[in-house]
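Number of protein chains: 4
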Amino acid sequence: MILEYHNFELLNQLKMKNRRTFLKQTGLVSLATLLPINSLFAGDLKTNELAGNENSVSKWADGSRLVVSISMQFEAGGQPVNSESPFPQNMQKGFVDLPGETWYQYGYKEGIPRMLDNWDKFGIKVTSHMVGSAVLKNPALAKEIVERGHEAAAHGMNWSTQYSMDYETEKKFIKDGADAIKKVTGFDPVGYNANWLRRGPNTLEILQELGFKYHIDDLSRDEPFLIKVKEKDFAVVPYTIRCNDIVLIEGKNFSADQFARQVIMEFDQLYKESENKRRQMSISFHDRIGGTPQMVAAATEIITYIQKHKGVSFRRKDEIAKMAYNDKSILRE
Amino acid sequence: MILEYHNFELLNQLKMKNRRTFLKQTGLVSLATLLPINSLFAGDLKTNELAGNENSVSKWADGSRLVVSISMQFEAGGQPVNSESPFPQNMQKGFVDLPGETWYQYGYKEGIPRMLDNWDKFGIKVTSHMVGSAVLKNPALAKEIVERGHEAAAHGMNWSTQYSMDYETEKKFIKDGADAIKKVTGFDPVGYNANWLRRGPNTLEILQELGFKYHIDDLSRDEPFLIKVKEKDFAVVPYTIRCNDIVLIEGKNFSADQFARQVIMEFDQLYKESENKRRQMSISFHDRIGGTPQMVAAATEIITYIQKHKGVSFRRKDEIAKMAYNDKSILRE
Amino acid sequence: MILEYHNFELLNQLKMKNRRTFLKQTGLVSLATLLPINSLFAGDLKTNELAGNENSVSKWADGSRLVVSISMQFEAGGQPVNSESPFPQNMQKGFVDLPGETWYQYGYKEGIPRMLDNWDKFGIKVTSHMVGSAVLKNPALAKEIVERGHEAAAHGMNWSTQYSMDYETEKKFIKDGADAIKKVTGFDPVGYNANWLRRGPNTLEILQELGFKYHIDDLSRDEPFLIKVKEKDFAVVPYTIRCNDIVLIEGKNFSADQFARQVIMEFDQLYKESENKRRQMSISFHDRIGGTPQMVAAATEIITYIQKHKGVSFRRKDEIAKMAYNDKSILRE
Amino acid sequence: MILEYHNFELLNQLKMKNRRTFLKQTGLVSLATLLPINSLFAGDLKTNELAGNENSVSKWADGSRLVVSISMQFEAGGQPVNSESPFPQNMQKGFVDLPGETWYQYGYKEGIPRMLDNWDKFGIKVTSHMVGSAVLKNPALAKEIVERGHEAAAHGMNWSTQYSMDYETEKKFIKDGADAIKKVTGFDPVGYNANWLRRGPNTLEILQELGFKYHIDDLSRDEPFLIKVKEKDFAVVPYTIRCNDIVLIEGKNFSADQFARQVIMEFDQLYKESENKRRQMSISFHDRIGGTPQMVAAATEIITYIQKHKGVSFRRKDEIAKMAYNDKSILRE
């Protein structure tokens with residue numbers, strides 16, 4: 342896995358240029374894959390509106406007042422037989438939970454395509470956490486995600502519990518997943534998300550060794566920060582459980598409209614705080630859950646509301662990590 | 342079980358004719374049972390409004406922009422002793438959960454009759470998934486469902502777990518249930534729904550062998566599609582868990598108004614999509630749950646909202662299956 | 342336990358008279374206890390408004406269009422050590438769950454008094470299902486409930502599981518509870534509610550033998566009805582789980598406002614139906630749950646809404662049972 | 342632990358004076374710690390508005406119509422390894438739940454700081470229940486809480502189950518926690534809250550022996566009261582489970598907006614009652630739960646609503662306890 346992360350800085354200098362032209366001129370084809378077309382610039386358009394907001398001092402390199410990051414999990418199709426689903430977990434041994442399987446199929450047949458259309462409608466680029474086995478099951482869809490400008494981040498080779506693997510097993514597990522993404526989509530992932538966020542004691546070292554630039558398995562802050570892994574910087578782009586469909590919606594705790602309202606309340610407070618502080622908001626949608634019509638309606642409500650506010654940009658997590666690395670005032674732990 | 346499914350096509354040609362007259366003329370008495378009076382035409386009236394909607398191209402044979410299908414489970418009365426209910430599942434052995442029984446009785450004493458009146462109020466025909474033992478327990482009510490224009494679909498002979506039965510046992514189980522419906526109501530079911538949607542490895546072949554035309558135990562899509570069973574077409578009319586009262590309401594996850602709002606959000610998104618794509622929406626109500634006053638109030642809210650939109654028709658699942666078979670552009674898997 | 346249930350009919354003939362005067366004149370002191378002052382007449386005032394509602398034909402003896410019955414459980418203080426509460430059910434053996442005890446104390450220290458004030462505010466009389474041990478623990482409060490015009494119904498001597506008792510044990514259990522109520526409050530209960538509604542195979546016979554006139558442990562209908570117990574009529578006044586605070590609120594399924602909205606939806610539908618059919622609505626509040634400020638606020642919302650509708654009367658369950666016995670058109674099962 | 346609780350009375354006489362000046366004049370430095378600057382007077386400002394409310398008679402020494410008390414738990418950082426969190430409780434032995442740890446870290450990195458800013462915005466002083474081990478883990482933050490005017494109350498030395506400890510173990514456990522608070526913050530706690538409210542049979546005697554003035558582990562009333570512990574008065578300042586984020590929000594029962602609405606309903610009813618009766622309302626927020634943006638948005642909604650009402654004061658629990666001791670009409674049990 343080869344990472345050209347430093348290219349980010351180059352791109353940054355060219356913010357106002359037409360990116361397609363630039364890419365042609367410089368021949369940075371691999372970069373075109375890493376940062377699909379229009380991803381940074383779509384966000385820039387939004388943050389241009391910041392101009393009128395004279396009383397606040399941006400804490401973000403791109404001039405944003407508040408950065409919102411959406412995750413879209415690509416996991417369905419790669420799950421083990423009889424994985425957890427809305428159906429009772431009481432299958433007799435030797436039988437396959439057939440309706441449970443169709444529930445997962447929904448993720449790639451309807452969920453991801455619907456969400457992709459919705460992101461386009463709003464001009465938003467997201468981070469797609471891709472499980473290797475899911476990518477191999479539906480390569481065309483994985484490729485389409487990247488082609489439409491979204492980030493492919495790694496999410497393990499399959500749904501195995503990662504934290505208890507020994508070093509070499511875990512390294513292979515992470516690398517295989519990333520390689521599958523690279524091979525299928527052409528996108529070389531720089532971000533990582535462990536199964537149920539549960540990294541083990543060796544995960545961060547392995548990630549650094551493999552060239553990853555950030556991980557998300559941390560809920561401790563509402564802004565990105567840098568930690569030291571083997572004395573080198575490593576970025577943490579915080580994730581969310583409380584604006585995440587898997588616990589709230591699939592756990593049948595909330596209806597879709599409750600989810601929308603809670604996420605909007607989250608935004609309201611972070612937007613206030615962002616006047617004086619670097620703030621990042623995270624929202625997460627899983628293929629078979631966040632991709633239902635009712636949840637895409639919820640996402641529509643949320644994004645429509647957020648986009649009415651000045652100075653908010655939607656960013657992929659690789660962009661956030663890049664800003665973290667390049668920002669001297671970034672929080673360090 | 343004899344199916345005259347091809348009659349559907351005939352009917353289709355006569356869309357604009359008065360159906361009662363037609364039936365008299367052609368003497369298709371058995372068809373009158375299969376497709377109770379006014380069922381197709383009530384829907385057609387709704388879709389007539391589509392005329393003004395010039396920018397969208399219908400993906401449905403009947404000219405609808407979006408098709409909504411309501412399920413009404415007829416199960417109560419046929420349940421085993423001490424079945425799951427809102428009461429604690431801790432009965433001492435040898436005793437009957439008497440209040441639990443009255444909770445089920447509510448399904449046929451109040452629930453179904455109330456829902457039947459409500460469907461009439463809105464001019465909607467639904468699909469009633471009937472358990473054989475429930476039909477035998479309350480034959481007059483089963484008959485009334487059919488007489489009021491609704492589809493009787495098969496739902497097994499009783500509440501047994503179906504997926505682990507051997508071939509012959511399962512075939513008898515399915516056939517007995519369908520025969521009970523036919524005998525009591527005169528309606529020969531062409532659709533099937535397994536207990537908890539859990540069909541086994543042989544179910545589809547058995548269904549085809551017995552003359553069934555479609556099943557609903559699939560959550561993978563928001564539109565009907567055809568699959569191959571023993572190299573012959575078989576229709577799948579997708580079902581829903583997320584707009585279904587059993588998990589959300591009986592599981593005490595949602596209040597009745599939350600249910601209404603979530604289903605309305607589901608509709609909003611599917612209605613948008615239906616401008617360019619074939620979309621089907623599914624909603625499901627169980628006798629003892631969806632038949633309470635509060636849930637019928639929720640259904641009223643939902644349907645009132647939906648009927649304000651142009652081009653939406655409410656269809657029985659046998660009608661949807663019919664359109665799937667007759668449509669050359671139907672999705673095939 | 343001596344019941345003078347036939348006195349109801351006498352009272353009925355005197356609807357428009359001042360009841361205090363009447364009671365003095367006829368010397369019906371025991372009746373004054375059975376039907377506390379103003380209970381029937383408060384209801385009648387409400388139903389007077391029915392006059393303007395000319396299109397509907399009342400199905401109730403008192404001229405009501407719809408009858409609403411509220412239950413107020415009086416159980417706290419009588420519960421066993423370490424009963425279920427909002428605290429984790431993991432006490433080590435030999436220790437008492439002290440905060441759990443204070444949670445129950447809330448029922449008689451705050452809950453019942455607050456609810457009593459609220460019923461008065463609205464001019465409503467309710468049925469209080471009293472556990473014998475709770476009555477003995479707080480006799481003054483039990484007495485006050487009756488003195489303020491509410492019905493005392495029996496609810497067992499204590500919180501024991503009733504359905505598995507043998508005949509004589511159960512008979513003593515029921516009688517002891519009723520005797521405690523009679524002794525403390527002067528009110529001779531005619532209604533019965535079993536623990537968790539779970540009556541056993543002998544309960545109805547025992548109730549009839551002891552002179553009870555009705556029971557509520559039945560969810561099968563939205564109207565009262567008569568059944569035969571040993572060939573004699575016995576009234577069933579249906580109860581509710583879906584408009585009941587114990588499952589929905591204490592189970593942490595609903596917030597107080599969700600409860601209010603769901604009960605209002607229930608009312609809306611039953612009110613519609615009551616134009617052509619005898620309908621009874623049931624709502625239930627427990628001392629330590631329904632008696633919190635937030636739930637009394639919910640009840641206030643519900644009752645305020647209901648009282649805006651013409652022809653609705655709030656009735657004690659003994660009044661409903663009486664109307665059932667006296668009505669020739671009553672449903673019989 | 343030395344308590345100068347009688348100083349409260351002195352302070353009370355000086356209500357209208359500038360407190361900073363007074364403290365300088367009298368040299369009551371230790372008092373400055375006990376009652377941080379402006380705490381009482383911020384409240385007094387609110388209650389000044391009572392002047393216009395001529396029809397109600399205050400039942401509170403400070404002239405308030407209704408007293409609201411907010412709790413802010415300071416526990417995160419002191420929790421045992423693999424404590425309960427939103428992640429599945431299924432860690433393999435020998436491994437640490439790393440994302441779970443970051444969830445707790447959120448409490449002191451984001452939660453408490455955000456809540457502190459919010460209390461300041463509204464001019465509210467709260468009671469912070471501090472676990473000893475959490476205080477030692479983040480001493481600067483604990484100190485800041487006190488310096489910003491909030492009460493530090495004791496909450497045990499760590500997260501151990503307290504009710505089953507023997508007398509001497511429990512005494513050391515309580516004292517160690519209080520000493521840690523005193524040493525780090527300079528605040529000598531007078532209030533106590535046991536883990537999960539579960540005090541044991543000896544707790545109250547120990548608290549009295551150690552000089553504590555009140556405890557909160559009682560849900561029985563909506564107003565403070567005095568009990569006898571070894572024949573001496575001891576104050577109870579009731580706590581809440583129903584306006585508490587740990588069960589409702591962390592238990593995933595409610596969304597943030599449901600929480601806000603339910604607490605507002607609680608307020609509405611207590612505010613009505615407070616016209617004629619002493620009423621106290623309690624609300625509780627935990628560092629890692631109540632400190633999220635969405636929950637601080639909920640708190641903002643709640644407090645904004647409450648502050649629109651005349652005669653309401655927000656009080657620390659030590660202030661409430663003080664009023665209880667000094668009020669001859671206080672409830673005694």
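Chains as they are written, first to last, in my numbering: chain Y, 342 to 674; chain V, 342 to 674; chain P, 342 to 674; chain E, 342 to 674. Here a beta-carbon is modelled for each residue, glycine too, at the ideal position from N, C-alpha and C.
#1: Quick one: list the residues of chain Y neighbouring residue 597(E), beta-carbon separation under 7 Å, in chain order.
#2: Determine the direct distance from the alpha carbon of residue 415(E) to that of residue 471(Y), and round the result to whole angstroms.
#3: Could you tell me whether the Cβ atoms of residue 521(V) and residue 457(V) are closer together than 8 Å?
#4: Would you say residue 416(V) lies against chain P (beta-carbon separation less than 8 Å)?
#5: Check whether the region 586-593 of chain E and the region 599-615 of chain P touch, using three or more Cβ-Cβ pairs below 8 Å as the test.
#6: Against chain V, which members of the region 436-457 of chain Y pass a CB distance test of less than 8 Å?
#7: Between residue 475(V) and chain P, is any beta-carbon pair separated by less than 8 Å?
#8: Does the CB of residue 428(P) have a neighbour CB from chain E at under 8 Å?
#9: Only counting the same chain, and skipping five residues up and downstream in sequence, which positions put a Cβ closer than 6 Å to that of residue 668(P)?
#10: Let me know the secondary structure DSSP gives residue 527(P) once reduced to three states.
#11: Given a limit of 8 Å on CB to CB distance, which residues of the region 538-565 of chain E reach chain P?
#12: Residue 624(Y) bridges to which residues according to DSSP?
#13: Taking residue 644(P) as part of the alpha helix (DSSP H), name the residues at either end of that continuous run.
#14: Rounding to the nearest angstrom, what Cα-Cα distance links residue 578(E) and residue 656(E) in this structure?
#15: How far does the beta strand (DSSP E) with residue 567(E) in it extend, from its first residue to its last?
#16: Scan the region 501-535 of chain Y for residues whose Cβ lies nearer than 7 Å to a Cβ of chain E and list them as they occur along the chain.
#17: What does residue 532(E) pair with, by DSSP beta-bridge criteria?
#18: Run through the DSSP bridge pairs and tell me what residue 494(P) is partnered with.
#19: With the cut-off set at 8 Å, would you say residue 660(V) and residue 568(V) are in Cβ contact?
#20: Looking at the secondary structure, which residues open and close the alpha helix (DSSP H) in which residue 437(P) lies?
#21: Contact criterion: CB-CB distance below 8 Å. Does residue 421(P) meet it with respect to chain E?
#22: Look up residue 576(V) in the DSSP assignment and say whether it is helix, strand or coil.
#23: Are there three or more Cβ pairs, one per stretch, closer than 8 Å when the region 457-466 of chain P is compared with the region 498-510 of chain P?
#24: Do residue 561(E) and residue 618(P) have their C-beta atoms closer together than 8 Å?
#25: Return the first residue and the last residue of the beta strand (DSSP E) that residue 653(V) is part of.
#26: Do you know whose CA, among 404(E), 420(E), 407(E) and 410(E), lies nearest residue 628(E)'s CA?
#27: Select from 404(E), 408(E) and 453(E) the residue whose C-alpha is nearest the C-alpha of residue 418(E).
#28: Where does residue 425(P) land, buried or exposed, given buried means 16+ other C-beta within 10 angstroms?
#29: Have a look at 432(Y), 607(Y) and 534(Y) and flag the residue whose alpha-carbon is nearest the alpha-carbon of residue 630(E).
#30: At 8 Å on the CB atoms, spell out the chain E contacts of residue 631(Y), in chain order.
#31: Assuming the contact rule is C-beta atoms closer than 8 Å, residue 624(Y) and residue 409(Y) should be a hit. Round their C-beta distance to whole Å, please.
#32: By DSSP, does residue 560(E) sit in helix, in strand, or in coil?
#33: Measuring CA to CA, which of 572(E), 576(E) and 605(E) is closest to residue 583(E)?
#34: Looking at residue 473(E): is its Cβ nearer than 8 Å to the Cβ of residue 497(E)?
#35: Using a cut-off of 7 Å between C-beta atoms, extract the partners of residue 478(V) located in chain P.
#36: Exposed or buried, what is residue 430(E) when buried is set at 16 or more other beta-carbons lying within 10 Å of its beta-carbon?
By the coordinates alone:
#1: The answer, in chain order, is 603 and 606.
#2: The alpha-carbon atoms of residue 471(Y) and residue 415(E) are separated by roughly 37 Å.
#3: Result no, Cβ atoms of residue 521(V) and residue 457(V) do not sit closer than 8 Å.
#4: Chain P contact via Cβ: absent.
#5: Result no; under three Cβ-Cβ pairs closer than 8 Å.
#6: Those would be 436, 437, 438, 439, 440, 443, 444, 446, 447, 450, 451 and 455, in chain order.
#7: Cβ-Cβ to chain P under 8 Å: no for residue 475(V).
#8: Yes - at least one Cβ of chain E is within 8 Å of the one on residue 428(P).
#9: Excluding residues within five positions, the ones whose Cβ falls inside 6 Å are 402.
#10: Shown here, residue 527(P) sits in coil according to DSSP, grouped into three states, outside any helix or strand.
#11: Taking 8 Å as the Cβ-Cβ cut-off against chain P, the residues of the region 538-565 of chain E that qualify are 538, 539, 540, 541, 542, 558, 559, 560, 561, 562 and 563.
#12: Bridge partners of residue 624(Y): 411(Y).
#13: Run containing residue 644(P): 634-647, per the alpha helix (DSSP H) assignment.
#14: A direct Cα-Cα distance of roughly 11 Å separates residue 578(E) from residue 656(E).
#15: From DSSP, the beta strand (DSSP E) with residue 567(E) extends over 566-570.
#16: If the cut-off is 7 Å between Cβ atoms, the region 501-535 of chain Y has 504 and 505 near chain E.
#17: Beta-bridge pairing links residue 532(E) to 555(E).
#18: Per DSSP, 470(P).
#19: No; because the gap between Cβ atoms is not below 8 Å, this pair is not in contact.
#20: Unbroken run through residue 437(P): none, as it is neither H nor E.
#21: At least 8 Å separates the CB of residue 421(P) from every CB of chain E.
#22: Residue 576(V): strand per DSSP, three-state reduction.
#23: For the pair of segments examined, the region 457-466 of chain P was found not to touch the region 498-510 of chain P: the number of CB pairs separated by less than 8 Å stays below three.
#24: Going by C-beta atoms, residue 561(E) is not nearer than 8 Å to residue 618(P).
#25: In the DSSP annotation of this structure, the continuous segment of the beta strand (DSSP E) that includes residue 653(V) starts and ends at 653-655.
#26: The shortest Cα separation from residue 628(E) among 404(E), 420(E), 407(E) and 410(E) belongs to 420(E).
#27: With distances taken between Cα atoms, residue 418(E) lies closest to 453(E).
#28: Burial call: exposed.
#29: Considering only alpha carbons, the answer is 607(Y).
#30: Correct list: empty, because the minimum Cβ distance to chain E is about 16 Å.
#31: The Cβ separation is near 7 Å, so the contact holds.
#32: In this structure, residue 560(E) counts as coil in the three-state DSSP scheme.
#33: The shortest C-alpha to C-alpha distance from residue 583(E) to any of 572(E), 576(E) and 605(E) is the one to 605(E).
#34: Going by C-beta atoms, residue 473(E) is nearer than 8 Å to residue 497(E).
#35: The contact set of residue 478(V) on chain P, defined by CB atoms closer than 7 Å, is empty, because the minimum CB distance reaches about 14 Å.
#36: In summary, residue 430(E) is exposed, with fewer than 16 beta-carbon neighbours lying within 10 Å of its beta-carbon over all protein chains present.
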